[in-house]
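Chemist: Here you go, one structure.
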Amino acid sequence: MTQDTPKELSLKLNMLWNSFGSLFYLGCQWLMTVLVVRLSNGFDAAGTLTLAMSVYNIFSSVALYRMYTYQVSDVRHENAVGEYFGFRIITCVIALGMAAIYSFATCPLDSVAAILAFFLYKIANLFIDVLHGLDQQHHRMDFIGKSLIIQGAMSLVVFCAVQTLANDLVVAFLCMTIGTALIGLLYDLPRSTRFEQLKIGISRKKTAHLLKYCFPIVVAAIACNAAPSLPRQILASIDGASSLGIYASVAAPATIIQMGASYIYNPLLGYFSEAYEKKDMKKLAALLLKASAENAAISLIAAIALLLIGEPLLVFLFGDQIAPHVYLMTPIIICTAITAYVWFLNDILVAIRHFKGNFIGNVCAVILSVPAAFFLIPIYGMNGVSFATILAYGASAMVMLVYLLLVFRKESKHIE
Numbered sequence: 353m354t355q356d357t358p359k360e361l362s363l364k365l366n367m368l369w370n371s372f373g374s375l376f377y378l379g380c381q382w383l384m385t386v387l388v389v390r391l392s393n394g395f396d397a398a399g400t401l402t403l404a405m406s407v408y409n410i411f412s413s414v415a416l417y418r419m420y421t422y423q424v425s426d427v428r429h430e431n432a433v434g435e436y437f438g439f440r441i442i443t444c445v446i447a448l449g450m451a452a453i454y455s456f457a458t459c460p461l462d463s464v465a466a467i468l469a470f471f472l473y474k475i476a477n478l479f480i481d482v483l484h485g486l487d488q489q490h491h492r493m494d495f496i497g498k499s500l501i502i503q504g505a506m507s508l509v510v511f512c513a514v515q516t517l518a519n520d521l522v523v524a525f526l527c528m529t530i531g532t533a534l535i536g537l538l539y540d541l542p543r544s545t546r547f548e549q550l551k552i553g554i555s556r557k558k559t560a561h562l563l564k565y566c567f568p569i570v571v572a573a574i575a576c577n578a579a580p581s582l583p584r585q586i587l588a589s590i591d592g593a594s595s596l597g598i599y600a601s602v603a604a605p606a607t608i609i610q611m612g613a614s615y616i617y618n619p620l621l622g623y624f625s626e627a628y629e630k631k632d633m634k635k636l637a638a639l640l641l642k643a644s645a646e647n648a649a650i651s652l653i654a655a656i657a658l659l660l661i662g663e664p665l666l667v668f669l670f671g672d673q674i675a676p677h678v679y680l681m682t683p684i685i686i687c688t689a690i691t692a693y694v695w696f697l698n699d700i701l702v703a704i705r706h707f708k709g710n711f712i713g714n715v716c717a718v719i720l721s722v723p724a725a726f727f728l729i730p731i732y733g734m735n736g737v738s739f740a741t742i743l744a745y746g747a748s749a750m751v752m753l754v755y756l757l758l759v760f761r762k763e764s765k766h767i768e
């Protein structure tokens with residue numbers, strides 16, 4: 353470590369900075385889903401925003417290619433940050449092309465421009481994400497937290513300003529893209545490159561290796577994201593964009609549960625990998641139990657809070673027009689709590705490089721979600737989206753838990 357290299361922070365400080373920055377960013381993103389209703393007439397713009405998010409969620413897995421989890425758990429330093437960045441450029445271009453084809457084929461044509469503009473905005477975030485991976489490798493997640501605070505504030509201000517003046521989601525997303533790129537260049541790049549110089553580029557051999565090696569977990573991630581996104585699209589196709597906008601508006605506060613849980617365990621991923629690399633199964637089990645308990649505690653606290661204040665909060669945010677739809681809240685809370693745990697199991701299996709259980713669990717989820725949605729939505733309406741997702745993710749969690757327990761049993765026998 354050179355004299356100019358920033359010193360590592362403690363695990364506690366890293367968790368605090370990551371949690372605060374991530375929650376602030378999440379709050380700003382969530383406020384956009386709230387304010388889009390206030391700044392527009394009716395729920396159509398909210399439905400288009402939700403549709404854009406749903407399409408991005410399906411193909412974000414290709415853009416990410418699970419490289420953040422792979423990068424921060426790269427305890428052997430297999431690849432340089434410039435190689436991760438070069439690989440991210442390739443996967444983002446592929447994902448954008450796939451999203452464009454999918455959008456033209458399955459979405460209303462008047463929504464396609466907004467979907468692709470939103471995708472560009474998220475791609476700008478994903479480029480910064482590579483630098484954040486480097487920060488986390490060197491245990492300086494305060495850089496990450498501060499960057500997310502700046503990004504969140506900028507995105508919210510730009511979104512509100514453009515929607516107020518132009519009422520155009522496409523223009524808003526493009527302006528947010530430019531702002532995010534500037535933050536990456538002016539804030540993140542100078543700090544992250546104190547750890548390692550960014551020389552963008554990756555060999556064909558390494559590209560082919562990563563594309564092949566990580567392909568099963570990418571398919572799994574696509575399936576994981578599609579499992580809740582496809583029922584939402586099915587709802588829009590059956591009942592229209594307005595119903596999707598209503599469902600998304602009620603669901604918006606509940607995202608705190610799944611995102612808050614991920615901020616707790618995310619700083620631990622590198623420690624999971626280190627423990628598994630050393631075959632320290634006792635430490636790995638302790639970390640797993642600790643993260644699971646904290647995940648459950650956050651889910652329970654958030655669920656109780658939302659059940660107590662959910663209705664007045666939704667009416668305050670969206671007006672009296674949302675009051676008849678508050679009944680959607682309870683299934684949504686259960687759905688998001690299960691989602692949070694599925695995300696956790698996904699990342700743990702990737703961090704310890706056991707891809708089979710990750711793949712099988714998530715493919716089961718997407719296989720179940722579509723027929724469940726077509727069966728349940730006509731019966732239960734908007735609640736059918738939640739019920740279909742609960743069924744799909746419940747099965748996924750069970751499969752991955754069983755596989756994780758088998759891995760522990762196998763490794764423990766080897767140690768004995």
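Taking the numbering used here, the leading residue of the sequence shown gets 353, the next gets one more, and so forth.
From the three backbone atoms N, C-alpha and C, an ideal C-beta is built for every residue, glycine too.
This structure is a prediction, so every number in the text was calculated from the model and none was measured.
1) With 16 as the cutoff for other CB atoms within 10 Å, does V389 come out buried or exposed?
2) Have a look at V571, Y408, Y473, S595 and flag the residue whose alpha-carbon is nearest the alpha-carbon of G709.
3) Assign V445 to buried or exposed, taking buried as 16 or more other Cβ atoms, counted over all protein chains shown, within 10 Å of its Cβ.
4) Tell me the rounded alpha-carbon separation between L378 and G504.
5) Just the Cα atoms here: how many angstroms apart are M437 and G733?
6) If you measure between the beta carbons of Y617 and F495, is that distance less than 7 angstroms?
7) The alpha helix (DSSP H) that contains R390, what's its start and end?
8) Would you call the CB atoms of A593 and G399 closer than 7 angstroms?
9) Are there 16 or more other CB atoms within 10 angstroms of the CB of K474, so buried, or fewer, so exposed?
10) Between L563, I480, A524, which lies nearest to F544 when the distance is taken from Cα to Cα?
11) Give me, in chain order, the residues of the same chain whose beta-carbon lies closer than 8 angstroms to that of T354; leave out the 5 immediate sequence neighbours on both sides.
12) Using 8 angstroms as the cut-off, can you tell me whether the segment 531-541 makes contact with the segment 677-686, which would need three or more C-beta pairs spanning the two stretches below that distance?
13) Got a sec? Which residues, its chain only, sit under 8 angstroms from L383 by beta carbon, not counting five neighbours each side?
14) Measure the C-alpha to C-alpha separation of F511 and A524 and round it to an integer number of angstroms.
15) Rounding to the nearest angstrom, what Cα-Cα distance links L550 and K557 in this structure?
16) P580: buried (16+ other C-beta within 10 angstroms of its C-beta) or exposed?
Modeler: Straight from the coordinates:
1) Buried, since its Cβ has 16 or more Cβ neighbours within 10 Å.
2) V571
3) exposed
4) One alpha carbon belongs to L378, the other to G504, and they sit about 7 angstroms apart.
5) For the record, residue 437 in the displayed sequence is Phe; it is not Met. For F437 and G733, the gap between their C-alpha atoms comes out near 43 angstroms.
6) no
7) 363-390
8) In this structure, G399 lies closer than 7 angstroms to A593 by Cβ.
9) buried
10) The displayed chain sequence assigns Ser, not Phe, to residue 544. S544 has its Cα closest to that of I480, out of L563, I480, A524.
11) Reliability of the predicted coordinates at T354 is poor, the pLDDT of 48 falling under 50, and no value is obtained from them.
12) no
13) L508
14) The straight-line gap separating the alpha-carbon atoms of F511 and A524 is approximately 5 angstroms.
15) If you draw a straight line from the Cα of L550 to the Cα of K557, it comes to about 20 angstroms.
16) buried
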